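Undergrad: Under this note's numbering, the residue at position 253 of the sequence shown is numbered 260, and the numbers go up by one with no gaps. Where is the CB? At the ideal position from N, CA and C, for every residue including glycine. Quick caveat: nothing in here was measured; it's all calculated off a predicted structure.
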Amino acid sequence: MSMPPPAALSARSRISVRYALAFAAPALIALWAVSSATAQAPAEIDTALVLAVDVSDSVDEARYRLQMEGIARAIEDPAVLDAITGGAKGAIMLSLVAWADDAKLAMPWQLIRNQSDAFEVARRVRSLPHHSGQYTCLARMLRSVESETMPALPARADRVVIDVSGDGIDNCEVSAASNTARDTLVKGGATLNGLPIIVAGENDVVGAGTFRRPGFAFEDLGLDRDSTTLDAWYNAHVVGGPGSFISPADGYEDFGRSFRRKFITEISAPASTPLHLTPSARRALSAASNRDDMKSHSPATGIEASATAASGSPIAFVSPLNTAPDSASPPR
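1) Check the DSSP bridge columns for residue 164 and list the partner residues they point to.
2) Looking at the structure shown, is residue 143 part of a helix, part of a strand, or coil, going by DSSP?
3) If you follow the beta strand (DSSP E) that residue 111 is in, where does it begin and where does it stop?
4) In chain order, what residues of the same chain lie with their CB nearer than 6 Å to the CB of residue 82, ignoring the 5 residues before and after it?
5) Can you name the residues that DSSP bridges to residue 256?
6) Does residue 174 come out as helix, strand or coil in the three-state DSSP assignment?
7) So, for residue 148: in the same chain, excluding its five sequence neighbours on each side, which residues have a beta-carbon less than 7 Å away from its beta-carbon?
8) Can you check which of these residues, 272, 150, 134, is closest to residue 188 by C-alpha distance?
9) Could you check the C-alpha separation between residue 71 and residue 178 for me, to the nearest Å?
10) By DSSP, does residue 188 sit in helix, in strand, or in coil?
11) With DSSP as the reference, label residue 247 as helix, strand or coil.
12) Hey, would you say residue 57 sits closer than 7 Å to residue 102, going by beta carbons?
13) When you compare each of 173, 152, 80, 53 to residue 95 by their alpha carbons, which one comes out closest?
14) Since residue 98 contacts residue 120 with CB under 8 Å, what's their CB separation in whole angstroms?
15) DSSP three-state label for residue 102, please.
16) In this structure, does DSSP put residue 135 in helix, strand or coil?
17) Which residues in the same chain have their Cβ closer than 8 Å to the Cβ of residue 213, if we skip the five residues on either side of it in sequence?
18) State the Cα-Cα distance for the pair residue 180 and residue 155, rounded to the nearest angstrom.
19) In terms of DSSP beta bridges, what is residue 198 paired with?
20) Using only the alpha-carbon positions, how far apart do residue 256 and residue 66 sit?
21) Determine the contact status of residue 197 and residue 245, defining contact as a CB-CB distance below 7 Å.
22) Check this for me: beta carbons of residue 131 and residue 263, under 7 Å apart or not?
23) CB-CB under 8 Å to residue 73, same chain, minus the five flanking residues each way: which ones, in chain order?
24) Do residue 64 and residue 117 count as a contact pair if the criterion is CB distance below 7 Å?
25) Within the continuous alpha helix (DSSP H) that includes residue 92, where are the two ends?
26) I'd like to check one pair, residue 250 with residue 193: are the Cβ atoms closer than 7 Å?
27) Confirm the yes/no value for this check: CB of residue 196, any heavy atom of the ligand ZN, distance under 6 Å.
28) Going by alpha carbons, who is nearest to residue 114 out of 274, 91, 78, 163?
29) Please classify residue 62: does DSSP put it in a helix, a strand, or coil?
30) To the nearest angstrom, how far is it from the Cα of residue 17 to the Cα of residue 273?
31) Classify residue 181 as helix, strand or coil using the three-state DSSP reduction.
32) Following the continuous alpha helix (DSSP H) through residue 265, name the residue where it begins and the one where it ends.
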């Protein structure tokens, strides 16, 4: 069986040279043969999307299935397919990483360019087994995405998005480790968006008093000594890159709604002008809208920018310090 030629991401995405060099690693090339959809990948796609899903100890079988079903239904949604086919290349690729103590590539890169592809990928998502872990090692997951998942992408992408969902802060390393891992991905050309799952009475407040892995001294927590909210923590330590945003879910039952709207935005926003949606994106968001706004809370900069869907519902984006690729400001 012939292997697809290794391909770097587009210059427009400014993916680091390290990614391009890593494409030649035999262990990563072997991943390309896993999926027939990957083998049929075109040379160029609009968006490469990594779905990073929390499977730590707090995520039982029922919660896991709610996440998988929410993702599958979003992929099958006609509004989502309209957004995909309305792109310049008319195709996206996505992969799914399940993360807890470590990160596992649960579903290698899959191509979606029509309804048949979408239904097949949705079927695969629903069939993914539940592999749970104990801890919430977010920084470790981001490093794995940077070193393993991204180099295995077999097509050039105009935009690279890493979609992180979870119900807790990193309890394996200090928050600065998440910042470092995030910034490395942003420098490589990726945008990181967040879907914090906020469960009333369970994780409304995080930071001080949160569970830490054995052997991790409270003295090392730094700023995490202070309590905060999960969405604020995601804004400070997860979200980054041009046009990045968070879309909190009001519990696991709300995951599907939040993911669907976020998914449409992620696959529709042009790489060059991330704060302005394409006409197909506006139509898709209008069709998907259920009068619930997708909220975003800005990080310490306090800067926000917004676009408006055809329905008039505001979609708030975090406006990072380096929204322009050539900005001299530090990445967020």
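TA: With the given structure in hand:
1) 52
2) coil
3) 110–119
4) 125, 128, 129
5) 204
6) coil
7) 59, 104, 106, 110
8) 150
9) Residue 71 and residue 178: Cα-Cα distance of roughly 20 Å.
10) helix
11) strand
12) The answer is yes: Cβ separation under 7 Å.
13) 53
14) About 4 Å separates the two Cβ atoms, so the contact holds.
15) strand
16) coil
17) Excluding its 5 nearest sequence neighbours in each direction, residue 213 has C-beta neighbours in its own chain below 8 Å: 175, 176, 234, 235, 236, 237, 240, listed in chain order.
18) 20 Å
19) 168
20) 15 Å
21) no
22) no
23) 259, 260, 262, 263
24) No, they are not a contact pair.
25) 85–92
26) no
27) Judged by which ligands are present, the structure shown has none, so any question about the ligand ZN falls away.
28) 78
29) coil
30) Its pLDDT being 44, under 50, residue 17 is placed unreliably in this model, and the coordinates cannot settle the point.
31) coil
32) 262–275
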